[in-house]
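Here the sequence shown stands for residues 47 to 224, where the numbers follow the numbering used here. Just so you know, even glycine gets a beta-carbon here, dropped at the ideal spot from N, CA and C. The block underneath contains the structure these notes are about, expressed in structure tokens.
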Amino acid sequence: MAIIHHQFESIHPFYDGNGRTGRIINVLYLILQDLLDLPILYLSSYIISNKDDYYRLLQEVRTEDKWEERILYILDAVEQTSKNTIKMIEEIQSLMETTQNEIKKELPKIPRKDLIEILFTYPYTKIDFLVDRLNITRQTASKYLNELEKIGILEAVKIRNSKFFINVKLFSMLKKGT
Numbered sequence: 047m048a049i050i051h052h053q054f055e056s057i058h059p060f061y062d063g064n065g066r067t068g069r070i071i072n073v074l075y076l077i078l079q080d081l082l083d084l085p086i087l088y089l090s091s092y093i094i095s096n097k098d099d100y101y102r103l104l105q106e107v108r109t110e111d112k113w114e115e116r117i118l119y120i121l122d123a124v125e126q127t128s129k130n131t132i133k134m135i136e137e138i139q140s141l142m143e144t145t146q147n148e149i150k151k152e153l154p155k156i157p158r159k160d161l162i163e164i165l166f167t168y169p170y171t172k173i174d175f176l177v178d179r180l181n182i183t184r185q186t187a188s189k190y191l192n193e194l195e196k197i198g199i200l201e202a203v204k205i206r207n208s209k210f211f212i213n214v215k216l217f218s219m220l221k222k223g224t
């Protein structure tokens, strides 16, 4: 993976976006090698945090053929990103449980299981998502979302002609993790 990434970055085939594309290639390589089931490793955060080393090591491979430190850098990126991703998944699972308990306590008449899945599939939801997934009316979906907003789980945001409901804590958690 480190060699493929280095080769891609050295070729630099695009006017813009080579770094992002190279990091996506890394994740796709891990998937192709059956080392990763889903593209959930955000290697960019590690590389951006260690940008000076990243560029120095790229240059050292080009000029001095120093591969070992470059390969170790990429391995460390995968390891640290994996640990951070596991931590994020655990935090999201904990937040899901806390949210489910809060809904059970504050809004016991709202069915929770499928609703929780919808609220945590994306950091936002819409009335249509509930109508489609829960097979309920728009009126019922709107009622559920408005009640969740009242107890602080969701925050309504109007964008153009659409009303979105942001899962406040999940959105904050995801923002913090990037």
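- Distance from the CA atom of residue 78 to the CA atom of residue 132, rounded to whole angstroms, is 21 Å.
- The beta-carbon distance between residue 116 and residue 187, rounded to whole angstroms, is 52 Å. This is too long to meet the 8 Å contact definition.
- With fewer than 16 neighbouring CB atoms inside 10 Å of its own CB, residue 206 falls in the exposed class.
- Using a Cβ distance threshold of 9 Å, residue 213 and residue 166 count as a contacting pair.
- Contact between residue 191 and residue 211 holds: their C-beta atoms lie close to 5 Å from each other, under 8 Å.
- Per DSSP, residue 153 is not a residue of any beta strand (DSSP E), being assigned neither H nor E.
- Per the C-alpha coordinates, the member of 92, 162, 73, 98 positioned closest to residue 86 is 73.
- Fewer than three Cβ pairs drawn from the stretch 133 to 143 and the stretch 101 to 114 lie within less than 8 Å of each other, which leaves the two stretches out of contact.
- Between residue 54 and residue 63 the beta-carbon gap is near 12 Å, outside 8 Å, which marks them as no contact.
- In the DSSP secondary-structure assignment, residue 171 is bridged to 211.
- Contact between residue 76 and residue 123 fails: their C-beta atoms lie close to 11 Å from each other, not under 8 Å.
- Annotation: residue 82 is outside any alpha helix (DSSP H) and is labelled neither H nor E by DSSP.
- For residue 205, the beta-bridge partners assigned by DSSP are 208.
- Residue pairing for residue 200: DSSP places it in a beta bridge opposite 213.
- When secondary structure is reduced to three states using DSSP, residue 50 falls in the helix class.
- Nearest in C-alpha terms to residue 91, of all of 130, 173, 60, 185, is 130.
- Nearest Cα to residue 94 within the set 196, 66, 170, 155: 66.
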